[in-house]
Amino acid sequence: MESKPFINRQTVTDNDSAELRNISRRRLKNKIMKGVFFAATMVGIIFLIVLLFRIISEGMLRLNWNFLTSFPSRIPGRAGILSSLVGSLYIIGLTALVSIPLGIGTAIYLIEYAKKTKLNEFIQLNISNLSGVPAIVYGILGLAIFVKAMLLGTSIIAGAFTLSLLILPVIIISTEEALKTVPNSLRENALALGVTKWQMITGVVLPFAAPGIITGCILALSRGIGEASPLFIAGAVGYAAFLPRSIFDTYTILPIQIYDWTSRAQTDFHELAASGIIVLITILLVMNGIAIFIRNKYSKRYD
822 MESKPFINRQ TVTDNDSAEL RNISRRRLKN KIMKGVFFAA TMVGIIFLIV LLFRIISEGM
882 LRLNWNFLTS FPSRIPGRAG ILSSLVGSLY IIGLTALVSI PLGIGTAIYL IEYAKKTKLN
942 EFIQLNISNL SGVPAIVYGI LGLAIFVKAM LLGTSIIAGA FTLSLLILPV IIISTEEALK
1002 TVPNSLRENA LALGVTKWQM ITGVVLPFAA PGIITGCILA LSRGIGEASP LFIAGAVGYA
1062 AFLPRSIFDT YTILPIQIYD WTSRAQTDFH ELAASGIIVL ITILLVMNGI AIFIRNKYSK
1122 RYD
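In the working numbering, the protein residues as written are 822 to 1124.
Spelled out as structure tokens, the structure:
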């Protein structure tokens, strides 16, 4: 007759009770942390709503067609954002022409061509670190390299080069992540058909990764158009009652114009600054909306 193993029921009961107490503690901690994070989120949302309400309530008083088509003025009733709006469009357009090809090309090289060596890993690590460098540091680099060393002066092209340094790491990283989402089977099947590697990249990889690449580029440009410190250091002026005639002229941008108005003591200029903030937020929302639309449109083709 086989003997049954002895089971201490008291020990089993104690173990179950301890496990239940641990589960209860974890659930309590989970509820507490959930409440803390929810409260932090609500605080941020409330402050954002209050800020937007104040900006809209003050800015709508000055926001009209004359505001968009007038130059800055010492008289608040005549002041507008034409020169800063055109300057921002100049800067962001040239920045896109410089940074997007360089960023996408760098990402293609690192993902599709570069071998996994320590040097390439070091390069990618530094690109990731550069995305976290404060914007004003890029302004100092732009002042030293483009404004003084390359003798471009305080021109639009110098500002565009400076802003390109700022958003290049973002474009490179987002493009790399988009390229990594392309299945290797697509690359192998394309190469098996006899196409060259470049034809495989342009005909298979880039179309598949296009939604992520385009979204990353637009979001990077959205960040750039709202930056003031690097361009301020690189020579953008705070008051410009003229339109630039070429990329070698001086300029101003919306964030700097808004800063100039907020630094004044008169309440009327604060209302002008609020109107400028509304215009800048609208541009950012449009750019982000375009990014979301493109991502959703192209993603459906590969679902």
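Virtual Cβ for every residue (Gly too), placed ideally from N, Cα, C.
Check whether residue i and residue j have beta carbons under 7 Å apart
i       : j       : result
Thr1073 : Ala1057 : yes
Ser909  : Gly901  : no
Ser905  : Leu1101 : no
Ala1095 : Ile866  : no
Ser894  : Gly960  : no
Ala956  : Phe967  : no
Trp1082 : Leu1093 : yes
Thr1071 : Thr975  : yes
Met1108 : Ile1039 : yes
Classification of residue i by the beta-carbon crowding that lies within 10 angstroms, buried from 16 upward
i       : result
Pro922  : exposed
Val871  : exposed
Met822  : Note that Met822 has pLDDT 46, beneath the 50 cutoff, so the model's placement of it is unreliable and the number below is only indicative. Classification for Met822: exposed.
Leu1106 : exposed
Glu840  : exposed
Leu984  : buried
Arg1021 : Just to set this straight, residue 1021 is Met in the shown sequence, not Arg. That one is buried.
Ile1034 : buried
Leu889  : exposed
Glu1048 : buried
Pro788  : As shown, the chain starts at 822 and ends at 1124. That puts residue 788 outside it, with no answer to give.
Pro990  : buried
Leu884  : buried
Ala1041 : buried
Ile1077 : buried
Ser838  : exposed
Ile844  : exposed
Asn1117 : exposed
Residue i in three-state terms, based on DSSP
i       : result
Ile902  : coil
Met854  : helix
Ile1111 : helix
Asp1089 : helix
Tyr1072 : coil
Ser952  : coil
Pro893  : coil
Ser1050 : helix
Met863  : helix
Ala1061 : coil
Asn885  : coil
Gly1033 : helix
Val871  : helix
Pro1004 : coil
Ser976  : coil
Ser878  : helix
Leu841  : helix
Proximity to residue i [Cα-Cα], best of the options
i       : options                           : result
Ser1043 : Leu906, Ile902, Ala1112           : Ala1112
Ile925  : Ile1077, Thr996, Gly1045          : Thr996
Val1003 : Val991, Val1025, Leu987, Phe858   : Val1025
Ala928  : Leu918, Ile944, Asp1081, Ile913   : Ile944
Ala981  : Leu1012, Trp1019, Leu1052, Val991 : Leu1052
Ala999  : Ala1049, Met971, Ala1030, Arg895  : Ala1030
Ile1098 : Ile992, Ile1068, Ile1079          : Ile1079
Ser1067 : Asn885, Ile844, Leu973            : Leu973
Leu918  : Ile1077, Lys969, Ile992           : Ile992
Thr1088 : Ile896, Val958, Ala1041, Lys1118  : Ile896
Pro1028 : Arg842, Gly856, Leu869, Arg1008   : Arg1008
Whole-angstrom C-beta distance between residue j and residue i, which should lie under 8 Å
i       : j       : result
Glu933  : His1091 : Not quite, the Cβ-Cβ distance comes to about 51 Å (not below 8 Å), so this is no contact.
Ala1061 : Leu964  : Not really, about 19 Å apart at Cβ, beyond 8 Å.
Gly1059 : Leu987  : Actually they do not touch by this definition, with Cβ atoms about 20 Å apart.
Ile853  : Tyr911  : Incorrect: roughly 52 Å between the Cβ atoms, too far for contact.
Asn941  : Leu951  : With 8 Å as the limit, Asn941 and Leu951 do not qualify as a contact, their Cβ atoms being about 16 Å apart.
Ser949  : Ile994  : 6 Å
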